[in-house]
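Novice:
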Amino acid sequence: RRDKINPPCMFLHHCVNKANAISRFSYKNHMRRVMTTTTSTRTAATPPTTNGKRKIRGLIFDMDGTLTVPNLDFNEMMRRLGCKTNNILKEVDGFDEERRKKSYQIIAEMEGEALKTMKAMPGAVKLAKLLDDLNVPRGLVTRNVKTSVDHFHNVAWKDGETDTLMKAFHPVCSREFTPYKPAPDSLLHICKEWGVDPSEVMMVGDSPKDDVVAGNRAGCVTVLIEVEDTNRSYDIAKLEGEQVPHFIVPRIEEISYLLEYHFEIIGNGSGENNDLMF
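To convert, count from 1 in the sequence shown and add 6; that's the numbering used here.
1. With H, G and I counted as helix, E and B as strand and the rest as coil, what does DSSP make of Arg105?
2. In whole angstroms, give me the CA-to-CA distance for Asp191 and Val98.
3. Look up Phe183 in the DSSP assignment and say whether it is helix, strand or coil.
4. Could you check whether Thr72 and Ala162 sit closer than 8 Å to each other, using their CB atoms as the reference points?
5. Measuring straight from C-alpha to C-alpha, what distance separates Arg86 and Leu78?
6. Anyone know if the C-beta pair for Phe269 and Lys59 falls short of 8 Å?
7. Do Asn274 and Val155 come within 8 Å of each other at the CB atom, strictly closer than that value?
8. Going by alpha carbons, who is nearest to His157 out of Thr123, Thr168 and Gly129?
9. Is DSSP giving Leu73 helix, strand or coil here?
10. Can you tell me the Cα-Cα spacing of Phe183 and Val147, whole angstroms?
11. Where are the alpha helix (DSSP H) runs, 4 residues long or more, that stay fully inside the segment 237-270, in chain order?
12. Pull up the CB-CB distance for Val229 and Pro204, whole angstroms please, since I reckon it's below 8 Å.
13. Does DSSP classify Thr228 as helix, strand or coil?
14. Is the separation between the beta-carbon of Pro188 and that of Arg223 shorter than 8 Å?
15. Use the C-beta contact count for Pro128: other C-beta atoms within 10 angstroms, 16 or more gives buried, fewer gives exposed.
Here's what the structure looks like:
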């Protein structure tokens, strides 16, 4: 049995241990106060548990840049495709048939090349183990293709300590499931498969325009991972409307602390709360 995590004051200390992390944590709280009316209404409509915490019965994750280390240069992809916006798939779908076909060939080529260096995000396996220990389901929604998800599960999704593959995410909604993010359909599909209300599910991703918007539209708790050292196309301080998440964390492992102090975790089929233990 692992030791229980430090009290909330130590959680603050943990968050500010890295350079400038304190501003991120403070800004996260600020963003919770300035959530849009629609999202705030969804949150308020969820009845609190006896301890005043919101229930979480499952987590849905984005893949690229969330569960995996970013290794695809989207700026280069935009250049090669001639896209004028960072909403690449939407723009490509608007091309004429011949250009759209050639564009998807370029996308497939670049995604296939990225598979060669795909690796799990540090901290992702540890978080997944915790969720598995608590019998909390974890799903995956990505704008990438099924072959990339299969490669992730069969090659990259590995426990570094034992060198064994981890249990796969389920259900999985890849690009073949339409409409894809930022439409909420894939998230709602997973919630239906689990038999849980979307308000009791957490959506985790690194994209405000895709992951956060999809989660907010579905009525989920939304968590934005502010991945460092990437060609990020957004300014945290300028996020507005549906792109504003409930929480911002600097690394995926911080979600363990988030779950501990802000939510009551309900394991699948147990009907009882679980105490997070490290």
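Quick reminder that beta carbons are idealized off the backbone N, C-alpha and C, glycines included.
Specialist: Reading from the atomic positions:
1. helix
2. 20 Å
3. coil
4. no
5. 13 Å
6. yes
7. no
8. Thr123
9. coil
10. 9 Å
11. 261-268
12. In fact, because the Cβ distance is near 14 Å, the residues do not count as touching under 8 Å.
13. strand
14. yes
15. exposed
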